[in-house]
Structure formats: C-alpha cells, structure tokens
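S.K.:
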Amino acid sequence: MKTLLIASALVVTTFAASAMEYGIKYGPNTQPLATTQSGTTRAQVIAEYQAAKAAGQVNITEFEMRQAERARLQTPSSMSRQQVKQEVVAFRGKGELGIHGDK
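Encoded structure:
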C-alpha cells in the first residue's frame, strides 16, 4: 500500500515538474490560448494554395504524386486500339520501344 502511494506521488510530482519546466499551465483557472483572426476566408486560403501549387511554389507529397499518376492512368485514351498498335510497331521499328526481352 505504501509503495503504491509513493509511486503515485512520484508520478504526480514528475508530471507537475515537467509541466512547469515547459511553461504549461493546467488546472481549473487556466485560460485558453489566444487565437488570432487572419481575416481571410477558407475559400481564399484554398485559392491561394492552388495558385501557389500551380506556380510550382509548393512541394508535392508522395501521396499527391500517386493520386495524380493514378488519375492520369485512369483517364480514357483518345487513341483507338488500331492507332496504339501502329504506334508500337513504329517505335519497335526505330528501336525506341524500351521493353526488356524485346528482340
């Protein structure tokens, strides 16, 4: 019983000491953090983000790259099957078809 009481007291004091060290205020009289209003709407922020992204000022994440690649692969082709076959034959004849094992 004494061990549990001592352990609990140590945990509480350790928590309080670490909170004081980082300037964290806790308790019933704690004031919430002050928030600032930027004056811009969500739509404006999204528009600015899209413009910066289009201008190449925003790094694209790997997830966004995979999404774009998936969308590109899923778009329907504007070429007919016959046109694709003709293009493959033309590339193969020029030796520009980069398929391994192709002779």
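Using our numbering, the letters of the sequence shown map in sequence onto residues 1395 to 1497. Note that beta-carbon positions come from the ideal geometry of N, C-alpha and C, so glycine has one too. This structure is a prediction, so every number in the text was calculated from the model and none was measured.
1) Grab the span of the alpha helix (DSSP H) containing Ile-1440 for me, first residue to last.
2) Tell me which residues share the same chain as Ala-1446 and place their Cβ nearer than 6 Å to its Cβ, disregarding the 5 neighbours each side in the sequence.
3) To the nearest whole angstrom, what separates the beta carbons of Leu-1491 and Val-1478, a pair I think is in contact under 8 Å?
4) Leaving out five residues before and five after Asp-1496 in sequence, what residues of the same chain have Cβ atoms less than 8 Å from its Cβ?
5) If I follow the unbroken alpha helix (DSSP H) through Leu-1467, where does it start and stop?
M.R.: Checking against the coordinates, here is how it stands:
1) 1436-1448
2) If we look at Ala-1446 and ignore the five residues flanking it on each side, its Cβ neighbours are Val-1452.
3) With a Cβ gap of about 12 Å, Leu-1491 and Val-1478 do not count as contacting.
4) Here Asp-1496 scores only 48 on pLDDT, less than 50, and its place in the model should not be relied on; the value that follows carries that caveat. Cβ within range, chain order: Arg-1486.
5) 1456-1468
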